[in-house]
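Reading through the structure tokens given below for one structure.
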Amino acid sequence: ELKVEQNPLFLSMQEGKNYTIYCNYSTTSDRLYWYRQDPGKSLESLFVLLSNGAVKQEGRLMASLDTKARLSTLHITAAVHDLSATYFCAVDIGTSYDKVIFGPGTSLSVIP
Amino acid sequence: AAGVIQSPRHLIKEKRETATLKCYPIPRHDTVYWYQQGPGQDPQFLISFYEKMQSDKGSIPDRFSAQQFSDYHSELNMSSLELGDSALYFCASSSPGLAYEQYFGPGTRLTVT
Chain A
166 ELKVEQNPLF
176 LSMQEGKNYT
186 IYCNYSTTSD
196 RLYWYRQDPG
206 KSLESLFVLL
216 SNGAVKQEGR
226 LMASLDTKAR
236 LSTLHITAAV
246 HDLSATYFCA
256 VDIGTSYDKV
266 IFGPGTSLSV
276 IP
Chain B
11 AAGVIQSPRH
21 LIKEKRETAT
31 LKCYPIPRHD
41 TVYWYQQGPG
51 QDPQFLISFY
61 EKMQSDKGSI
71 PDRFSAQQFS
81 DYHSELNMSS
91 LELGDSALYF
101 CASSSPGLAY
111 EQYFGPGTRL
121 TVT
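So the protein lines, in turn, are chains A and B.
The working numbering puts the first sequence at residues 166 to 277.
The working numbering puts the second sequence at residues 11 to 123.
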């Protein structure tokens with residue numbers, strides 16, 4: 166059974182600092198997603214990582230994928246308060262990209 | 011740009027009642043997904059449809075059923091509702107042309123009393 170783990174589950178960081186969220190998964194997949202969710206809101210797609218070694222950056226967020234290690238990272242650079250949210254990684258295990266399993270989420274709080 | 015539409019946005023039902031949630035995917039998206047998210051939980055995959063055919067199933071209770079219609083909208087039917095069914099239900103759609111990136115709807119908040 167697929168397990169998707171995230172570390173840490175809760176993160177409180179000061180503005181201006183850097184930090185990395187880790188996502189480990191237990192079965193083979195070449196497709197991994199990162200989402201952001203604000204309280205009571207829907208999920209916003211941040212990144213789609215499609216191959217080993219993929220790296221994508223958007224603003225202060227950078228995501229990478231190592232399919233051999235079954236590990237993805239979401240790196241936060243110079244955090245700002247607006248980044249406070251819950252971040253989910255999700256792994257696609259469907260034969261036709263039709264079944265996505267989410268990690269437990271990392272609740273990020275950026276404090277002044 | 012058009013987004014995924016879900017209706018209703020809020021729904022209150024009593025135990026043992028039935029509920030129907032609707033999802034209208036982004037035009038030309040061929041895959042629809044349903045998720046259930048309990049309070050403080052991650053989204054749980056329920057079921058997906060590709061080109062109007064059921065594609066894969068997750069942890070969907072037998073009391074739930076879903077289908078996708080000829081116009082690509084999808085409905086999630088929930089019967090014999092239980093208190094534990096109270097959750098946010100999200101629909102998402104994707105397209106191969108967009109690397110199957112999933113676009114989520116605003117969700118339906120179901121409360122079972």
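No residue lacks a Cβ here, since even glycine has one placed at the ideal position from N, Cα and C.
What do you reckon, are the CB atoms on residue i and residue j nearer than 8 Å?
| i | j | result |
| --- | --- | --- |
| A:S237 | A:C254 | yes |
| B:V42 | B:P53 | no |
| B:K32 | B:L120 | no |
| B:G94 | B:Q16 | no |
| A:G268 | A:C188 | yes |
| A:S207 | A:A219 | no |
| A:V213 | A:Y190 | no |
| A:E180 | A:A244 | yes |
| B:S103 | B:Y110 | no |
| B:G68 | A:K264 | yes |
| A:I266 | B:F100 | no |
| B:I2 | B:Q64 | Because chain B in this structure spans residues 11 to 123, residue 2 of chain B falls outside the shown range and cannot be described. |
By Cβ distance, which residues of its chain are closer than 7 Å to residue i, with the 5 residues on each side in sequence left out?
| i | result |
| --- | --- |
| B:G48 | A97 |
| A:S194 | V256, D257, I258 |
| B:Y60 | D40, T41 |
| A:L215 | D195, R196 |
| B:Q78 | V42, F59, K62, S84 |
| A:S210 | Y198, Y200 |
Using a Cβ-Cβ distance cut-off of 8 Å, determine whether residue i contacts chain B.
| i | result |
| --- | --- |
| A:D263 | yes |
| A:I186 | no |
| A:F175 | no |
| A:G164 | The structure shown has nothing for residue 164 of chain A, since chain A only spans 166 to 277. |
| A:I276 | no |
| A:G270 | yes |
| A:I241 | no |
Please report whether the beta-carbon of residue i lies at a distance below 8 Å from any beta-carbon of chain A.
| i | result |
| --- | --- |
| B:T41 | yes |
| B:G48 | no |
| B:P116 | yes |
| B:P53 | yes |
Which residues share a DSSP beta bridge with residue i?
| i | result |
| --- | --- |
| A:A234 | DSSP lists no partner for A:A234. |
| B:V122 | B:K23 |
| A:V213 | A:Y198 |
| B:F74 | B:M88 |
| A:L226 | A:E223, A:I241 |
| A:V256 | A:L197, A:I266 |
| A:T271 | A:Y252 |
| A:I186 | A:L239 |
| B:S103 | B:V42, B:Y113 |
Excluding five sequence neighbours on each side, which residues of the same chain lie with their C-beta closer than 8 Å to the C-beta of residue i?
| i | result |
| --- | --- |
| B:S90 | R26, T28, R73 |
| A:T185 | T238, L239, H240, I241 |
Please confirm whether any heavy atom of the ligand GDP lies closer than 7 Å to the CB of residue i.
| i | result |
| --- | --- |
| A:I241 | Although the ligand GDP was asked about, the structure shown includes no ligands whatsoever. |
Apart from the five residues on each side of it in sequence, which residues of its chain come closer than 6 Å, Cβ to Cβ, to residue i?
| i | result |
| --- | --- |
| A:S274 | S177, S249 |
| A:T251 | Q202, G270, S272 |
- Interface residues of the segment 96–112 of chain B facing chain A [CB-CB below 7 Å]: F100, A109, Y110, E111, Q112
- Query: Which residues, in order along the segment 200–224 of chain A, keep a beta-carbon less than 7 Å from a beta-carbon of chain B?
  - Reply: S207, L208, S210, V213, L215
- For the segment 57–84 of chain B, enumerate the residues whose C-beta is nearer than 7 Å to any C-beta of chain A, in chain order. S58, Y60, S65, D66, G68
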